[in-house]
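One structure is given below, encoded as structure tokens.
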Amino acid sequence: MTSSARRLRAILGLSGPTALWLVVTVALPLAAMLVFSFLTVVPMGGREAAFTLKHYTDFFTRPLYLTNAWRSVRLGLEVTFFCALVGYPAAYVLARTIKGRWREALLLLVVLPFWSNSLVRTFSWTMVLNDNGLLARAVHGVLPFAPSFDLLYTYPAIVIGLMQAYLPYMILTCYISLQAIDDSLSEAAYSLGASRFDVFRRVILPLSLPGLVAGSILIFVPVLGAFMEPRILGGQQAIMLGTLIESQFTASFNWPLGAALGFIMLVIVLLIMGLFYPVLKKHISVD
Amino acid sequence: MSAVGISNVAKYYGRLAALADVSLTIQDGEFFGLLGPSGGGKTTLLRSIAGFVEPDRGEITIAGKTVSNIPINKRDIGMMFQNYALFPHLTVAENIGFGLSVRHRPKSEIAERVRHLLELVRLSGFEARKPKQMSGGQQQRIALARALSTNPKVLLLDEPLGALDKKLREEMQFELKQIQREVGITTVFVTHDQEEALTLSDRIAIMNKGGVEQIGSPREIYERPRTAFAASFLGTANFFEGVVSGRSDGLTRIELPDGQAIFTTDEAPAGAKVTAAVRPEKLLAGPPRPEAPQGRINTIQGRVTAEVFTGNSVTYKVDAGDRTVTVFVQNRTDERFGPNQAIALTWEAFHTILVAA
């Protein structure tokens, strides 16, 4: 057997199982959904299904869908932005200031939320956010004359709930890229006359950008399709692209419409990535 | 005026003294080497001059001004790091121009300076490359150009050639020294490599356990080491321990424990316990001589235990009484000494140097 044939066999042998797994679990169901999205009804239980573009044209003609798609994009951007705002400084301190055991302990606290059930976590937020909840009591404990407030079933409640769920991704990805920056790089910058701000803006920030971008993608994509947090914490504000899709599958049993909305969301994600790609490429490539 | 002054500088990590009251003066334009083993304090001293380490005591001056309260970025230093610390996201030109850019110099001035520095380090035309696309030797030269970019008062080099392979290191030693001469900048560098220290330095400070063992030109330290540590860290040395038994005709006689005696031109009081150092290449190996040592020539008898051929010379290990003596013999004649052969080692009395143990 020639060496190139042996190489091919090794590649197939090693990546084959994963490829097969992805085909069975991702490609096939997605393909089925893509087909459904062009049908009038789901071809199950002996129903006659016909080809239609109605679900896709509906999206662009009925304001309900466009409005909520925009709300979801906005929610995704806002949650990502606030996660970066809170997560990056936390990752910075973890990676560049705290050393040894404290760092390990704090990292453990960061990933702690992953250990609990997300549904339970989200429901527990209702107890924190309602008008007699822990947050309101804490605020009134410090400021007794503050006006009473009830965050539950508002847009900010959705943002808070999603931030809580996705913040660890931002902290971890930023942490990884920040701690990989050699201390000698900032020392070199200082020795060349750079101020603390210069060092951050010209060395640390650009070198940690890949982490910030990875975290943003990991957060933006699932938030765009999120439905649990909006449902539980959002009340009247709950209607988002994600909840619309979910209800097509669970409540209305209109799988074709749900599938079409799902693919539209996929296109939105790809469009946004494509939009940012030139900017990212310029800043991230090191070679 | 001294370019860098260190007076009574001490730095403790817990109870460990990384620097124990170090004082030394580095002259304008001097290429000054800090040589010592790891943990000797040389890096701590270099980082104290740069400002990365804050000494617990003492004063550091650069160009006559105390820098104790001046932060790193205002000290006007150029530093080259062991791993070069080039900014991976910036081009070669942006790396070299970084110092001027944070000083908000006009773009045209930066471009001109970068062009000049790249010419100096012979890398013109590489402006747009990223550091990762360059070889180790090229990266080193970019790091040097960057460190020189702001016309600093002092250039600090941390193990400048440590990351290069042997052949490249020899080339760069020469080039580094040439560039330093050309620019005329006061340079302090840290190394644990004696050859690097010998070839680059105008003067060397041998550091050990946080203190300075000896300061001097490479030749001074090599020929007249003051301590056993200095003698063995810069070059190789044979040590003889004995007791002074008298002085006459300008020669001090040292009685060795095995009954043999050696002479030195150095002075020491009778009865004193002393350590004498002799460089292996100062010894001459020859057939055994039964007669007692005469006048200014020392003779000790021994037996060859090992022979290592290194091309231009042969290293012999000789068992002489209660010690093993190392001898370097130039590969000049056919004369060779086999294992277990009895030989005599002779050397001039002024090559016997009394050192502090």
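Residue numbers (my numbering), protein chains in the order written: chain A, 1 to 287; chain B, 288 to 644. Idealized CB from N, CA, C, for every residue including glycine.
With a beta-carbon spacing of about 5 Å, residue 155 of chain A and residue 237 of chain A fall inside the 8 Å limit used to define contacts.
Unbroken beta strand (DSSP E) runs of no fewer than 3 residues, entirely contained in the region 513 to 599 of chain B, are found at 525 to 535, 538 to 542, 548 to 551, 560 to 565, 571 to 573, 584 to 596, following chain order. The residue among A/259, A/276, A/241 with its C-alpha nearest the C-alpha of residue 63 of chain A is A/241.
Taking 8 Å as the upper bound for CB-CB distance, residue 435 of chain B and residue 483 of chain B are not in contact here, some 20 Å apart. Under the 9 Å criterion on CB atoms, residue 389 of chain B is classed as interfacial with respect to chain A. Under the three-state reduction of DSSP, residue 124 of chain A is assigned to helix. When DSSP states are grouped into helix, strand and coil, residue 353 of chain B belongs to the strand group. Contact annotation: residue 98 of chain A and residue 166 of chain A have beta-carbon atoms that are not nearer than 9 Å. Scanning its chain for C-beta atoms nearer than 8 Å, with the 5 sequence neighbours on each side dropped, one finds around residue 135 of chain A the residues 128, 129, 151, in chain order.
Taking 9 Å as the cut-off, the beta carbon of residue 367 of chain B is found no closer than this to the beta carbon of residue 424 of chain B.
In terms of Cβ geometry, residue 255 of chain A and residue 36 of chain A form a close pair [threshold 9 Å]. Within chain A, no residue has its CB atom less than 8 Å from the CB of residue 301 of chain B, the nearest being about 15 Å off. Scanning B/568, B/576, B/412, B/479 for the CA closest to the CA of residue 599 of chain B turns up B/568. When Cβ-Cβ separations below 9 Å define contact, residue 376 of chain B makes contact with chain A. Residue 203 of chain A reaches chain B at 374, counting residues in chain order whose Cβ is nearer than 7 Å. By the criterion of a C-beta distance shorter than 8 Å, residue 589 of chain B is surrounded in its chain by 605, 606, 607, 608, 612, 629, 630, 631, 632, once the five residues flanking it on both sides are discounted. In this structure, DSSP gives residue 644 of chain B a state outside helix and strand, which the three-state scheme calls coil.
Across the structure, residue 69 of chain A and residue 217 of chain A are spaced so that their CA atoms are roughly 18 Å apart. Between the alpha carbons of residue 235 of chain A and residue 126 of chain A lies a gap of roughly 11 Å. Nearest CB-CB separation between residue 177 of chain A and chain B: not below the 9 Å threshold.
Of the other Cβ atoms in all chains shown, fewer than 16 fall within 10 Å of the Cβ of residue 391 of chain B; this residue is therefore exposed. When Cβ-Cβ separations below 9 Å define contact, residue 187 of chain A makes contact with chain B. Spatial neighbours of residue 560 of chain B in its own chain (CB-CB distance under 6 Å, excluding positions within 5 residues in sequence) are listed in chain order as 530. Between the alpha carbons of residue 110 of chain A and residue 296 of chain B lies a gap of roughly 43 Å. Partner residues in a beta bridge of residue 41 of chain A, as assigned by DSSP, do not exist. For residue 72 of chain A, there is no enclosing beta strand (DSSP E); the residue is found in the alpha helix (DSSP H) stretching over 63 to 96. One alpha carbon belongs to residue 500 of chain B, the other to residue 462 of chain B, and they sit about 29 Å apart.
As DSSP reads the structure, residue 627 of chain B sits in no beta bridge. Within the region 192 to 219 of chain A, 192, 193, 194, 195, 196, 198, 199, 202, 203, 206, 207, 209 place their CB atoms closer than 9 Å to a CB of chain B, listed in sequence order. Relative to residue 230 of chain A, the option among A/158, A/208, A/279 whose CA is nearest is A/158.
In the assembly as shown, residue 418 of chain B is a buried residue. Its beta-carbon has 16 or more other beta-carbons within 10 Å. Apart from sequence neighbours up to five positions away, the residues of its chain that approach residue 333 of chain B with a beta-carbon distance below 7 Å are 321, 443, 445, 475, 477, ordered along the chain.
Listed by position along chain B, the residues whose Cβ is nearer than 7 Å to that of residue 190 of chain A are 359, 360.
With contacts defined as CB atoms closer than 9 Å, residue 331 of chain B and residue 291 of chain B fail to qualify as a contacting pair. Under a criterion of Cβ atoms nearer than 7 Å, the residues of chain A adjacent to residue 337 of chain B are, in order, 191. The beta carbon of residue 258 of chain A is closer than 6 Å to those of 245, 248, 249 in its chain, skipping five residues each way along the sequence.
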